[in-house]
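If you read the sequence shown in the UniProt record's numbering, its first letter stands for residue 1, the second for the next number, and so on. Some notes on the structure that comes next.
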Amino acid sequence: MGCWYSRLIDKEEMVSRCKARKRYMKQFVKSRHTFSAAHSMYLRSLRNTGSAILQFATSETNLHTPPPPHLTPSPPPLLPHPPPPMSPTSWTTTTTTSTTASSTVQPPPPPPPPVPASSTWDFWDPFMPTSGRSADEEEWEETTTTTATVTASEAAPTTTTTAGARSMTAPPSLITATATTSSSELAVVVSTKSKDLVEIIQELGEYFFKAAKVGGTISTLLEVPTCNINGQASTSKDYRHSPLLWTWGSRSVKWSPVGKFCEEDPTANIGSMGADGKPTHRSTVERLYAWEKKLYQEVKNAEYLKLEHDKKSTTLRKLEMKNADYFKSEKAKKEVEKLESQMMVASQAIETTSAEIIKLRESELSTQLLELVKGLMSMWRSMYEFHQVQMHIVQQLKYLNCIPSTNPTSEIHRQSTLQLELEAQQWHLSFCNLIKAQRDYVQSLIGWLRLSLFQVGNNTVHKTRQESVIYSLCEEWQLAINNAPDKVASEGIKSFLTVIHAIVVQQAEEQKQKKRSDTAFKELEKKVVELRSLENKYGPYRDKSKDPVREKRAKVDTLRAKAEDEKGKYVKSISVTRAMTMNNLQMGLPHVFQAMTGFANVCAQAFESVHNQAKSTEDLHNVKMILP
């Protein structure tokens, strides 16, 4: 048919509707692919951020080494921070040291016991049932009782050490209880010892890895493609959540989309089954798109036959009215009958294709979407728990009372800071992409459902039980993701990125000041050599007014003053860098995890509501089907 004829047919209501259905389904196929990639990148960004922040903290702590010989800076002023917490054992030792103090200098108290292999943070899951008494519950109660005793001891008066002549006060209670909005139970995080910077950040990084692991179910449902050690694509069946190897100076491993959506025979079943023997979400969506394209062509062909039939029928009526030649009339009549037969076949093909789409939508897609919502509910619930623990972990930073190091920033530490900034940028970008991809996914799905609920054929509206469930599910899903406070979470991550960038800028300023100081001392050294040469050449010069040695010595004194001034600025920049680093960690980290905890909590409750409502609607329809 000609282009103009094709455009005319496309304007017909049924053809236009099927064309829009095909367009929405094509968008849905692409958005599923994008959603899958965004989910993969977000989990990767969590792992990489955990690795980067741990390496950053390790590099910062390693600066506590003897300073270079040519730098003997005076220690910078201490920043006011609450002193670190002390265990009861440490207090006893400290008190005994004070009692046995003599005129000689007493050794400092013994170091705290080594860090156990497992995390010292215990989390009481607020979503666990409260009926009955399990071993977990008894262990938590015992830990709580023990820690409560320690907390009571911490309320003792301030103890002063003889060796350090510094008061050690206990921090507030180490038992922190946070009420959840969904129930009256409390999420309790318990810490039993004080930690240094690396220990705190190490535990923080562990929970980044744990948060990344809980996305495994969604990765399986979305069939997230991953890359193996050789860089080759592998399916989600081989998906593992071990932390990525992190190397210096390398950017984050990038994920490149693989695979294209199927545009072949819709009856093809290649790679459509998952490990559990059920059709995969990807294969279902791609087969739906293939059937939608087939339906559009069939409806378009049926509309063409209808127009041709109307045209031939009009011609036949005119011939019969004019009593035209018999052979002409018979020929026109056979053409009309042939078109009627083709129209019947086309109508049956449309009904068959529509039935296949309905079958896929009800038997596969609806179940998969419900599983996705359930997986998202579980993922964000776990992420809420882990981010909440992280929020309590970083609050320990304010109790660190270590003297800032006076050592300059090393090249390794500078690289680790740049890497942390890069990973924080990726975390922010992948979070924004994840939310947008999910919104596009649901939006394209709802657009297709609105049109596909109206059957193609004589029956204009035929709503089934599953259609009601799937449509209400998607509407609630869209409402949940649109109302999520993603902007608050995004700004929280961005604020963390801002404080890390400030450290990067300060480290760069320190490097510039180091170069200025080094240049000044090199110039001074050069002039000193020249001065010694002049002194050896001329010795004592009688004419004081024209003494070249005296003039050279004056220039050397000026350069020495300048070099000392640049050295002082450099020393000051080092202290500024060290103080800014600790302050920025103390100020930036709690904010980001507070924002992420709030976001995850809202998402967990929203998806739980969507899932429960969908299950209730489905159960209600099942009851109605059973009742006469």
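Glycine included, each C-beta is placed from N, C-alpha and C at the ideal position.
What do you reckon, are the CB atoms on residue i and residue j nearer than 8 Å?
i, j, result
"Ile9", "Lys300", "yes"
"Leu222", "Phe431", "no"
"Phe28", "Thr417", "no"
"Met379", "Gly492", "no"
"Lys328", "Leu339", "no"
"Ala563", "Phe521", "yes"
"Leu589", "Tyr42", "no"
"Met391", "Val214", "no"
"Val224", "Ser40", "yes"
"Ile200", "Ile500", "no"
"Thr315", "Ala332", "yes"
"Val469", "Ser366", "yes"
"Glu566", "Thr409", "no"
"Gln396", "Lys555", "no"
"Leu451", "Ala20", "yes"
"Lys514", "Tyr441", "no"
"Lys552", "Leu534", "yes"
Within 10 angstroms of the Cβ of residue i, are there 16 or more other Cβ atoms? Answer buried if so, exposed if not.
i, result
"Ser256", "Since pLDDT at Ser256 reaches only 33, below the 50 mark, its modelled position is unreliable, and no value is offered."
"Met344", "exposed"
"Gly50", "buried"
"Glu523", "exposed"
"Pro548", "exposed"
"Ala561", "exposed"
"Ser283", "buried"
"residue 629", "The first residue shown for the chain is 1 and the last is 628, placing residue 629 beyond what the model contains."
"Asn612", "exposed"
"Ala38", "buried"
"Arg578", "buried"
"Ala52", "buried"
"Thr519", "exposed"
"Tyr289", "buried"
"Arg381", "buried"
"Lys334", "exposed"
"Ser573", "buried"
"Tyr538", "exposed"
"Arg361", "buried"
For residue i and residue j, I'd like the C-alpha separation in whole angstroms.
i, j, result
"Glu608", "His591", "26 Å"
"residue 646", "Glu356", "Within the shown structure, residues of the chain are numbered from 1 to 628, placing residue 646 beyond reach of any answer."
"Ala508", "Ser405", "18 Å"
"Asp325", "Val15", "37 Å"
"Gln342", "Lys293", "20 Å"
"Lys527", "Val198", "45 Å"
"Ile446", "Phe386", "32 Å"
"Ser347", "Ala211", "52 Å"
"Ile350", "Leu295", "6 Å"
"Lys615", "Ser363", "15 Å"
"Cys18", "Arg287", "16 Å"
"Met321", "Ser472", "56 Å"
"Leu422", "Arg414", "12 Å"
"Ala302", "Lys312", "15 Å"
"Ser444", "Ser31", "8 Å"
"Ile218", "Ala484", "19 Å"
"Val488", "Phe599", "8 Å"
"Ala480", "Cys474", "10 Å"
"Glu206", "Gln605", "25 Å"
"Val610", "Leu449", "18 Å"
"Asn401", "Arg439", "45 Å"
"Leu63", "Asp557", "33 Å"
"Glu476", "Lys436", "17 Å"
"Glu411", "Ser495", "25 Å"
"Ser517", "Met580", "21 Å"
Thinking C-alpha only, which one of the options is nearest residue i?
i, options, result
"Val285", "Gln613, Tyr24 and Val528", "Tyr24"
"Gln388", "Phe208, Met344 and Gln202", "Phe208"
"Glu530", "Val504, Leu559 and Gln506", "Leu559"
"Leu585", "Glu308, Gln202, Lys398 and Asn536", "Lys398"
"Asn601", "Thr367, Glu337, Asp486 and Ser533", "Asp486"
"Pro279", "Leu369, Asp310, Ser573 and Lys569", "Leu369"
"Arg47", "Ser517, Gln202 and Lys555", "Gln202"
"residue 692", "Lys374, Thr58, Glu411 and Arg516", "Any question about residue 692 goes unanswered here, given that the chain covers just 1 to 628."
"Met582", "Arg553, Leu307, Lys537 and Ile503", "Ile503"
"Thr498", "His428, Asn536 and Glu525", "His428"
Is there at least one Cβ from chain C nearer than 8 Å to residue i's Cβ?
i, result
"Val299", "The chain inventory of the structure shown lacks chain C, comprising one protein chain alone."
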